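> Just dropping this structure here.
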DNA sequence: TAAATTATGTTATAACATAACAATTAGAGA
DNA sequence: TCTCTAATTGTTATGTTATAACATAATTTA
């Protein structure tokens with residue numbers, strides 16, 4: 769796993785590039801999320817910030833910060849779990865308007881797939897046929913990851 | 769729209785075929801859902817049952833009934849909205865383990881696409897590569913339907 | 001009909017999310 | 001630097017979605 773200081777740098781750099789104001793709350797919340805391999809609920813983030821920074825952040829602020837970064841595609845919400853993840857490609861200019869996530873139902877680990885690995889274009893065309901103009905689709909798939917599958921069998 | 773009595777018959781027939789016990793609550797909840805073009809929350813279903821049948825059903829019961837029919841693929845949960853829809857192919861032996869939904873963000877109408885219109889197989893293969901065994905993926909797409917698009921423009 | 005299973009209800013609360021409004025802070029221009 | 005403005009965060013309260021734990025009722029089956 770990356771050091772917190774590395775994550776901090778990545779975050780500052782990226783926000784710099786995009787001209788985003790990076791406040792102390794935004795840093796705290798975002799670093800907690802970036803450091804986590806699991807997706808986290810807003811309330812789990814509150815607890816983490818309390819632990820790590822000794823600051824009690826109200827729910828509404830966490831949701832606002834998450835929304836702020838979601839608009840930047842730097843955070844994704846996993847709709848199936850009502851939880852959030854930091855984007856896996858936060859620092860690679862990847863706007864990936866169609867994210868795909870694999871979520872391990874055993875250990876909660878989340879893998880974000882690359883765009884190229886699926887063509888949702890077809891769905892988009894199909895949608896157009898019956899008169900839908902799409903916003904961004906997102907695919908979430910629950911499954912069991914290699915590690916957990918091994919644990920189970922052996 | 770189909771008559772309630774038609775929906776009733778479809779439901780009874782389908783449950784008969786599958787050997788499902790069809791209780792009075794299940795009928796009420798399911799008919800409300802089948803009659804709706806929009807997706808409905810559990811609590812909206814409670815209100816509807818109250819209105820239509822004069823019975824007050826507790827949340828837990830609604831969730832249990834919904835879960836029961838979800839297991840049969842006769843109800844789908846729209847994860848992006850935390851709402852529920854009756855399956856569009858409830859009576860055509862279609863197990864469609866990979867549902868796709870178009871959700872109009874203006875009028876909340878939901879269209880369920882046919883499986884054949886997209887191959888999620890590729891994602892499944894991709895997932896296998898990095899060691900994920902998938903459960904059923906579901907794709908939900910927000911957009912604007914023809915009608916609402918027309919209303920907006922003219 | 002008794003036992004077992006399935007379905008539903010009661011009560012309470014957990015978990016997720018936002019509304020309305022107030023206070024604070026940071027940045028831009030005078 | 002000061003003030004104005006806009007952006008950010010906080011306070012309080014509440015709305016919405018979902019489930020836990022346990023009790024009761026209804027149905028099936030032996």
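Protein chains in written order, with my numbering: chain P, 769 to 922; chain V, 769 to 922.
Glycine included, C-beta positions come from ideal geometry on N, C-alpha and C.
Since the model is a prediction, treat every value here as computed from it, not as a measurement.
Among the candidates V:829, V:784 and V:807, whose CA atom is the shortest distance from the CA of residue 855 of chain V?
Minimum Cα distance to residue 855 of chain V is reached at V:807.
> So within the stretch 867-916 of chain V, which uninterrupted beta strand (DSSP E) runs reach at least 3 residues, ignoring any that extend past its ends?
With a minimum length of 3 residues, the continuous beta strand (DSSP E) runs that stay inside the stretch 867-916 of chain V are 868-872, 878-881 and 906-912.
> Which residues of the stretch 829-844 of chain V have a Cβ closer than 8 Å to any Cβ of chain P? Give them in chain order.
Those residues of the stretch 829-844 of chain V that come within reach of chain P (Cβ to Cβ, closer than 8 Å) do not exist; the list is empty.
> For chain P, is any of its Cβ atoms less than 8 Å away from the one on residue 810 of chain V?
No, residue 810 of chain V lies away from the interface with chain P (no Cβ there is under 8 Å from its Cβ).
> What are the boundary residues of the alpha helix (DSSP H) that includes residue 810 of chain V?
810-821 is the extent of the alpha helix (DSSP H) around residue 810 of chain V.
> In terms of alpha-carbon separation, which member of P:918, P:908 and P:913 lies closest to residue 866 of chain P?
It is P:908.
> Suppose the cutoff is 6 Å on Cβ atoms and the five residues either side in sequence are ignored; what does the same chain contact list for residue 848 of chain P look like?
Cβ within range, chain order: 908.
> Do you know offhand how far residue 791 of chain P's Cα is from residue 899 of chain P's?
Between residue 791 of chain P and residue 899 of chain P, the C-alpha separation is close to 42 Å.
> Please report the distance separating the alpha-carbon of residue 911 of chain P from that of residue 798 of chain V.
The straight-line gap from Cα to Cα measures roughly 29 Å.
> In angstroms with no decimal places, state the Cα-to-Cα distance between residue 891 of chain P and residue 903 of chain P.
Approximately 12 Å, taken between the alpha carbons.
> Taking 8 Å as the threshold (C-beta atoms), are residue 817 of chain P and residue 800 of chain P in contact?
Their beta carbons are under 8 Å apart, which means residue 800 of chain P touches residue 817 of chain P by this criterion.
> Taking the C-alpha atoms as reference points, what is the distance between residue 853 of chain P and residue 825 of chain P?
Computed Cα separation, rounded: 18 Å.
> Using a Cβ-Cβ cut-off of 7 Å (strictly less than) and excluding sequence neighbours within five positions of residue 916 of chain P, which residues of its own chain qualify?
Answer for residue 916 of chain P: 872, 874 and 875, listed in chain order.
> Measuring CA to CA, which of P:789, P:918 and P:905 is closest to residue 844 of chain P?
The shortest C-alpha separation from residue 844 of chain P is found at P:905.
> What distance in whole Å lies between the Cβ atoms of residue 813 of chain P and residue 795 of chain P, which are believed to be in contact at a cut-off of 8 Å?
Incorrect: roughly 13 Å between the Cβ atoms, too far for contact.
> Are the C-beta of residue 895 of chain P and some C-beta of chain V separated by less than 8 Å?
By this cut-off, residue 895 of chain P is an interface position.
> Does any residue of chain P have a CB that is nearer than 8 Å to the CB of residue 779 of chain V?
False, the Cβ-Cβ gap to chain P never drops below 8 Å.
> Which word fits residue 804 of chain P, buried or exposed, when buried means at least 16 other C-beta atoms lie within 10 angstroms of its C-beta?
With 16 or more Cβ atoms within 10 Å of its Cβ, residue 804 of chain P is classed as buried.
> What residue range is occupied by the uninterrupted alpha helix (DSSP H) comprising residue 781 of chain V?
Its alpha helix (DSSP H) spans residues 772-786.
> Quick check on residue 801 of chain V: does DSSP put it in helix, strand or coil?
Helix.
> In the DSSP assignment, what are the bridge partners of residue 845 of chain P?
DSSP, once it has assigned bridges, lists P:852 as partnering residue 845 of chain P.
> Looking only at DSSP bridge pairs, what is residue 806 of chain V linked to?
According to DSSP, residue 806 of chain V bridges with V:877.
> Examine chain V for any beta-carbon lying closer than 8 Å to the beta-carbon of residue 854 of chain P, and answer yes or no.
For residue 854 of chain P, the answer is no, since every Cβ of chain V falls outside 8 Å of its Cβ.
> Considering residue 834 of chain P, what are the terminal residues of the alpha helix (DSSP H) in which it resides?
Taken as a continuous stretch (DSSP letters only), the alpha helix (DSSP H) holding residue 834 of chain P covers 827-839.
> Residues of chain V with CB closer than 8 Å to the CB of residue 911 of chain P, please, in chain order.
Per Cβ cutoff of 8 Å: 895, 900, 901, 902 and 903.
> Going by C-alpha distance, which of V:828, V:836, V:921 and V:773 is nearest residue 789 of chain V?
The residue with the shortest Cα to Cα distance from residue 789 of chain V is V:836.
> Compare the C-beta of residue 917 of chain P against all C-beta atoms of chain V and say whether one is closer than 8 Å.
Chain V, which has a Cβ nearer than 8 Å to the Cβ of residue 917 of chain P, makes this yes.
> Using alpha carbons as the reference points, say which of P:921, P:901 and P:918 lies closest to residue 918 of chain V.
Of P:921, P:901 and P:918, the residue nearest in Cα terms is P:901.
> Check each candidate in P:881, P:833 and P:842 and name the one with the smallest Cα separation from residue 778 of chain P.
It is P:842.
> Whole angstroms are fine: how far does the CA of residue 832 of chain V sit from the CA of residue 850 of chain P?
Cα-Cα distance, rounded: 20 Å.
> Tell me which residues of the stretch 868-879 of chain P have at least one Cβ-Cβ distance to chain V shorter than 8 Å, keeping chain order.
Hits within the stretch, in order: 868, 870, 872, 873 and 879.
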